[in-house]
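Participant: Structure provided below as structure tokens; questions to follow.
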Amino acid sequence: MTDSFERFESPQGRSLAYERVPGEGPGIVFLGGFRSDMAGTKAAHLSQWARARGRAFLRFDYSGHGASSGTFEEGAIGDWAEDAVSAISALTTGPQILVGSSMGGWIALLVSRAVPERVAGMVGIAAAPDFTEDAMWAGMTREERVALEEEGRVEQASEYSDAPNVITRRLIEDGRRHLVLRDPLSVPGPVRLLQGTADAEVDRSVALRLLDHVESPDVRLTLVKGADHRFSSPECLALIEGAIAELLVETGA
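Residue numbers for the sequence shown, in the numbering used here: 20 to 272.
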């Protein structure tokens, strides 16, 4: 975790840790993934990239993640989307370019729905909209579904941590209230989607479905052969930089 983070209190009473880089707008807001935090490779890299260019940048931890308050297992998609809207509203000025990684791509779409006037464009990195329904719930065995209903939670092995992924009934039920691929989905400004073909967590079909579904003046998908879900190699980081730079040009910044 970065040593330079600050805190603010959200309207929901959550103490959220964040790092803000001052600079010109439109600013860039990084939205992390499920169980990730703002010390991750992509977030830290983009913080330095923005700082070197005098570009405003914000990264933060959702409640129950990283240095923010709360317990991860008590959280859900709606809570984390509220955190994102609160952070953007309190800590940034004007329209922002949202950079959403994995679950952060879903959060970015929910932010676009909630406060479209604050969104200049979006970069989705292995974006995972509706994953609680289309991946977690759809991939459960009958026994896991019964356990979820009766006990309120199930545990599954995680590729990225020794600790298991805890899936709660609330996470699944709340996710159903925030699905974005079942109804019209509009994103203000241009959209760039980046997806690795070797991603074992988010299949390329999700990126193609999002490409077809989202309504925006300019939507483009880049498939990177051999890239995995982390999308953090030097080449992938350069592609993220390039996507953001394209959006800055398109928005006249």
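Heads up, the beta-carbon is just placed ideally off N, CA and C, and yes, glycines get one too. All values reported here derive from a predicted model rather than from experimental measurement.
1. Give me the Cα-Cα distance between serine 55 and glycine 271, rounded to the nearest whole angstrom.
2. As a quick exercise: from Gly85, Ile144, Glu38, pick the residue whose alpha carbon is nearest that of glutamate 260.
3. Less than 7 Å between the beta carbons of valine 142 and arginine 211, yes or no?
4. Using 10 angstroms around the beta-carbon of glutamine 175, count the other beta-carbons present and answer buried if the total reaches 16, otherwise exposed.
5. Please state if the CB of alanine 86 and the CB of phenylalanine 27 are separated by a distance shorter than 7 Å.
6. Please return the same chain residues whose Cβ sits closer than 7 Å to the Cβ of leucine 198, not counting the five positions on each side in sequence.
7. Express the C-alpha separation of valine 221 and alanine 246 in angstroms, rounding to a whole number.
8. Excluding the 5 residues preceding and the 5 following valine 104 in the sequence, name in chain order all residues of the same chain whose CB lies nearer than 7 Å to its CB.
9. Does the separation of the CB atoms of aspartate 102 and serine 82 fall below 7 Å?
10. Given this structure, state the Cα-to-Cα distance separating alanine 17 from glutamine 31, to the nearest angstrom.
11. Identify, in the order they occur along the chain, each residue of the same chain with its Cβ nearer than 8 Å to the Cβ of glutamate 178, setting aside the five sequence neighbours on each side.
12. Could you tell me whether the stretch 112-126 touches the stretch 46-62, using the rule of 3 or more Cβ pairs below 8 Å?
13. Would you kindly work out how many angstroms separate the C-alpha atoms of glutamate 269 and leucine 117, rounded to a whole number?
14. Between which two residues does the alpha helix (DSSP H) containing alanine 103 stretch?
Facilitator: By the coordinates alone:
1. As a working note, residue 55 is residue 36 in the sequence shown. As a working note, residue 271 is residue 252 in the sequence shown. Taking the straight line joining both Cα atoms gives about 32 Å.
2. Position 241 of the sequence shown, counted from the first residue, corresponds to residue 260. Minimum Cα distance to glutamate 260 is reached at Ile144.
3. Residue mapping note: residue 142 aligns to position 123 of the sequence shown, counting from 1. Residue mapping note: residue 211 aligns to position 192 of the sequence shown, counting from 1. Result yes, Cβ atoms of valine 142 and arginine 211 sit closer than 7 Å.
4. As a position in the sequence shown, residue 175 is number 156, starting the count at 1. Looking at its Cβ environment, which holds fewer than 16 other Cβ atoms inside 10 Å, glutamine 175 is exposed.
5. The sequence position of residue 27 within the sequence shown is 8, counting from 1. The sequence position of residue 86 within the sequence shown is 67, counting from 1. No, they are not a contact pair.
6. In the sequence shown, counting from the first residue as 1, residue 198 sits at position 179. Taken in chain order, the residues that qualify are Asp149, Glu152.
7. Taking the sequence shown and counting its residues from 1, the one referred to as residue 246 is at position 227. Taking the sequence shown and counting its residues from 1, the one referred to as residue 221 is at position 202. Distance between the alpha carbons of alanine 246 and valine 221: 12 Å.
8. Position 85 of the sequence shown, counting from 1, holds the residue named residue 104. Excluding sequence neighbours, valine 104 sits near Val130, Ala133, Val134.
9. Residue numbering aside, residue 102 sits at position 83 when the sequence shown is read from its first letter. Residue numbering aside, residue 82 sits at position 63 when the sequence shown is read from its first letter. In contact: aspartate 102 and serine 82 (Cβ atoms closer than 7 Å).
10. This structure gives no information on residue 17, because the portion of the chain shown stretches from 20 to 272.
11. Taking the first residue of the sequence shown as position 1, residue 178 is located at position 159. Excluding residues within five positions, the ones whose Cβ falls inside 8 Å are Ala219, Glu220.
12. yes
13. Indexing the sequence shown from 1 puts residue 269 at position 250. Indexing the sequence shown from 1 puts residue 117 at position 98. Each residue's alpha carbon lies about 14 Å from the other.
14. Translated into the one-based positions of the sequence shown, residue 103 becomes position 84. Run containing alanine 103: 96-110, per the alpha helix (DSSP H) assignment.
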